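**Student:** Each step along the sequence shown adds one to the number in numbering that gives the first Met the number 0, with nothing skipped, and position 200 is 199.
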Amino acid sequence: MTPATQSWLCLEDVGFTYGTDRVPVLHHINATFRGGERIGLVGTNGSGKTTLLMLLSGIRQPTSGRIRLDDAAPSAEHNRIAVISADFDGFDYLTLEQNVEFCLEFAGAAHRQSVIRDEMERYGLTPHRRTRASEASRGMRRKTQLVIALLMQPRLLLADEPLDGLDEESQARWLEDLERIARAGAITITALHDTALVRAHSERVVQIDAGMLTDVT
């Protein structure tokens, strides 16, 4: 993987509320993350982990405060932010291989077909590369997301329960790849329910509780 210029991500008094009732989900979040950090994000169900990842990706905008990635606000069109969402966010009518090709081209990170197929092979997707996403299993769709994220060579990787639906071998492979992405200078933030796994594979663990973000380690 080509080393990336080391990035930084800064949250300044960030808050977010949902709906017309203006129910606060996150408030007064201040944090700085630097390139090469493997960050684990923990919190109970409904604590706001997914909401925070959406703010960091630029899919949603904070209600208050600001977020800066390398001196600019993150946006959903940022071609160096890789997002592994809890649900498959590709195109059901495309094959798994076409999903990889399209997403990488859209992100400005197109690769030769041989490179894409090599990564798909590593995750056991070769027999299924012509399978339409709508007909693929949950595990195949998840592996496709991982391949896209890996080949994007991101500055910021946001992963929401990336191990869901994976067999043990693929879980181990992704955790190794996650370290490789971080070594290339990217910021990686991974939300997992398994606290022990988070601690084992993160250099820094942060927790959302009562809408606030605090360092655990």
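For each residue, glycine too, the CB sits at the ideal point set by N, CA and C.
Small disclaimer: the values here were computed from a predicted structure and weren't measured.
Do you know how far the Cα of HIS200 is from the Cα of GLU104?
**Tutor:** Their Cα atoms are separated by approximately 30 Å.
**Student:** Could you check whether ASN98 and GLY107 sit closer than 7 Å to each other, using their CB atoms as the reference points?
**Tutor:** Against a cut-off of 7 Å, the Cβ pair of ASN98 and GLY107 comes out as no contact.
**Student:** Can you name the start and end residues of the beta strand (DSSP E) that GLY39 belongs to?
**Tutor:** Counting along the chain, the beta strand (DSSP E) containing GLY39 begins and ends at 37 to 41.
**Student:** For the beta strand (DSSP E) that ILE186 lies in, which residues bound it at each end?
**Tutor:** First-last of the beta strand (DSSP E) with ILE186: 186 to 190.
**Student:** Cα separation between GLU168 and GLU175?
**Tutor:** The straight-line gap from Cα to Cα measures roughly 11 Å.
**Student:** List the DSSP bridge partners of ARG131.
**Tutor:** ARG131 pairs with THR94.
**Student:** From which residue to which residue does the alpha helix (DSSP H) around ARG198 run?
**Tutor:** Run containing ARG198: 194 to 200, per the alpha helix (DSSP H) assignment.
**Student:** If contacts are defined as beta-carbon pairs under 8 Å, then PRO161 and LEU150 qualify, I think. What distance do you get, rounded to the angstrom?
**Tutor:** At roughly 15 Å, the Cβ-Cβ gap does not stay under 8 Å, so PRO161 and LEU150 are not in contact.
**Student:** So what's ILE58 in DSSP terms, helix, strand or just coil?
**Tutor:** DSSP places ILE58 in coil when its eight states are reduced to three.
**Student:** Compute the distance between the beta-carbons of LEU196 and VAL205, then report whether it is under 7 Å.
**Tutor:** Not closer than 7 Å, so no.
**Student:** Check whether chain C comes within 7 Å of VAL114, counting only Cβ atoms and requiring the distance to be less than that.
**Tutor:** The chain inventory of the structure shown lacks chain C, comprising one protein chain alone.
**Student:** Can you give the beta carbon distance from ARG129 to GLU96, rounded, assuming they're within the 8 Å contact cut?
**Tutor:** Contact holds; Cβ gap of about 7 Å.
**Student:** Is it the case that the Cβ atoms of GLY14 and GLY184 are separated by a distance below 7 Å?
**Tutor:** Their beta carbons are not under 7 Å apart, which means GLY14 does not touch GLY184 by this criterion.
**Student:** Near ALA85, which residues of its chain fall below 6 Å by C-beta distance, leaving aside the five closest residues on each side in sequence?
**Tutor:** Contacts found: ASP159 and GLU160.
**Student:** GLY47 and VAL82: beta carbons closer than 7 Å?
**Tutor:** No. Outside cutoff.
**Student:** Shortest alpha-carbon distance to ARG21 belongs to which of LEU55, LEU52, SER63 and VAL41?
**Tutor:** Of the candidates LEU55, LEU52, SER63 and VAL41, the one whose C-alpha sits nearest the C-alpha of ARG21 is SER63.
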